[in-house]
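**Q**
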Amino acid sequence: MSSTGSRRHAPATLRNRDAILSRLTGHLPQTGTVLEIASGTGEHAAYFAPRLPDGLVWCPSDLDPAALADIDGYASEAGCARIAPAQRLDVAGPDWTPDRPVDAIFCANMIHIAPWAAACGLIGGAGRLLPPGGPLLIYGPFSRDGRHTAPSNADFDASLRARDPEWGVRDLEGDILPIASAAGLRLRADVPMPANNFLMVFEKEG
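The following block contains the structure:
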């Protein structure tokens with residue numbers, strides 16, 4: 004992450020935003036509220052919201068209070084009235100609740116650089132907050148059936164765990180699907196993405 008003046012910049016957003024956007028459009032509803040978890044700098048929000056259907060409101064959030072000003076700054080620069088003010092949310096906390104009902108939840112590059120409690124809280128919260136059929140979209144690296152999908156992901160996982168033992172690339176089948184099932188979510192789509200990432204699309208059952 005770098006800084007542009009006083010505002011932070013995440014170079015990865017420039018590399019992955021078009022690939023993500025091309026997939027989001029097929030899995031998000033046409034109207035309603037999309038809650039973004041761990042918005043970081045807010046650059047995804049500023050890029051996605053103006054390019055999504057006019058009936059969608061994008062609601063960014065982050066755990067770090069210092070990130071909220073960056074998020075609102077990029078939103079203001081984008082000039083899109085359908086980006087809500089950033090809110091602080093800690094998905095690892097009990098019964099976290101956004102400031103409005105949500106119809107979809109999006110989270111990019113969070114669950115591998117956060118404690119396992121954050122992944123559990125994200126998925127459990129999605130099961131609690133989403134309406135039937137509402138999607139939870141998680142973007143980032145995943146291992147599959149206990150195996151990394153590329154040598155670079157294995158190296159990345161090792162480096163993450165060396166930095167913090169609570170971090171690491173999560174396994175879809177071994178880690179994520181069991182807690183998703185317990186939360187009333189089923190896997191709707193498993194979308195390979197560039198740079199050995201995936202977009203996992205879950206759907207609230209019922």
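Take the sequence shown: its position 102, counted from the start at 1, is 105 in this note's numbering, and no numbers get skipped. Virtual Cβ for every residue (Gly too), placed ideally from N, Cα, C.
#1: Within this structure, are the beta carbons of A183 and L190 separated by less than 8 Å?
#2: Going by DSSP, name the residue or residues bridged to M203.
#3: Rounded to the nearest angstrom, what separates S79 and G128 at their Cα positions?
#4: Measure how close the beta-carbons of R54 and L24 come, nearest whole angstrom, since I'm counting them as under 8 Å.
#5: Less than 7 Å between C-beta atoms, sequence neighbours within five positions excluded: which residues of the same chain meet that for A121?
#6: Please list the terminal residues of the continuous alpha helix (DSSP H) segment that includes W119.
#7: Compute the Euclidean distance between the alpha carbons of L163 and G171, then round it to the nearest angstrom.
#8: Quick one: what's got a C-beta closer than 6 Å to L175's C-beta in the same chain, skipping five residues either side?
#9: Using a Cβ-Cβ cutoff of less than 6 Å, which residues in the same chain neighbour L92 once the five nearest sequence positions on both sides are dropped?
#10: Name the residue from A165, M196 and A186 whose alpha carbon lies nearest to the alpha carbon of R18.
**A** For this structure:
#1: A183 is a Cβ neighbour of L190, given a cutoff of 8 Å.
#2: Note: M203 sits in a beta bridge opposite I141 and D193.
#3: Rounded to the nearest angstrom, the two C-alpha atoms are 28 Å apart.
#4: Confirmed, Cβ separation roughly 6 Å.
#5: Answer for A121: V94, A95, M113 and I114, listed in chain order.
#6: Run containing W119: W119 to L132, per the alpha helix (DSSP H) assignment.
#7: Looking at the two C-alpha atoms, the distance is approximately 5 Å.
#8: Closer than 6 Å at Cβ, skipping near neighbours: F145 and R147.
#9: Excluding sequence neighbours, L92 sits near S64 and W99.
#10: Among A165, M196 and A186, the Cα nearest to that of R18 is on M196.
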